[in-house]
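Novice: Questions regarding the structure given below will be posed in turn.
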Amino acid sequence: MNVGETYASNSIFNWSQISYVTFIISVFSIILYSVKLVDFNKDSSEEQQNDNHFSDDFTKLIKSHIKAFLMNRKNVFTWYDGLLVSVSFLFLTFLLADILVSFIISFLIFAVIQFILNKINSEETNS
1 MNVGETYASN
11 SIFNWSQISY
21 VTFIISVFSI
31 ILYSVKLVDF
41 NKDSSEEQQN
51 DNHFSDDFTK
61 LIKSHIKAFL
71 MNRKNVFTWY
81 DGLLVSVSFL
91 FLTFLLADIL
101 VSFIISFLIF
111 AVIQFILNKI
121 NSEETNS
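Under UniProt numbering, the residue at position 97 of the sequence shown is numbered 97, and the numbers go up by one with no gaps.
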């Protein structure tokens with residue numbers, strides 16, 4: 001059992017699995033974004049072979065929006081870049097939040113024990 005498995009088994013909330021899935025999704029979205037796997041030069045004859053008219057129109061609409069987004073970039077940090085960065089580091093947030101919650105609960109337990117011990121000591125000194 002390695003350190004990660006030990007941490008995951010001792011976790012208060014089982015966020016480690018969520019963080020792994022989020023990390024995989026973010027890496028996949030970064031790859032799609034950087035490689036630009038969307039094929040905009042597809043023949044219109046191939047697109048018209050689809051029998052479902054609604055899905056064909058919907059696909060064209062999505063492709064036109066993505067194409068407009070990629071063509072209008074001016075090397076600036078847009079909201080989409082911010083979203084991509086946020087999703088990429090979301091798994092770290094899950095793990096850090098788990099550590100923070102564990103620390104707060106441990107601190108509260110320690111504070112309660114310290115308060116009880118102080119009460120016992122003050123009662124012993126008074127009597």
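Ideal placement from N, C-alpha and C gives every residue a C-beta, glycine not left out.
For clarity, every value in this text was computed on a predicted model and none was experimentally measured.
#1: Quick one: grab the DSSP three-state call for residue 117.
#2: Cα separation between residue 109 and residue 116?
#3: How many angstroms separate the CA atom of residue 112 from the CA atom of residue 106?
Specialist: So, to answer that:
#1: In the structure shown, the three-state DSSP call for residue 117 is helix.
#2: For residue 109 and residue 116, the distance between alpha carbons rounds to 11 Å.
#3: About 10 Å.
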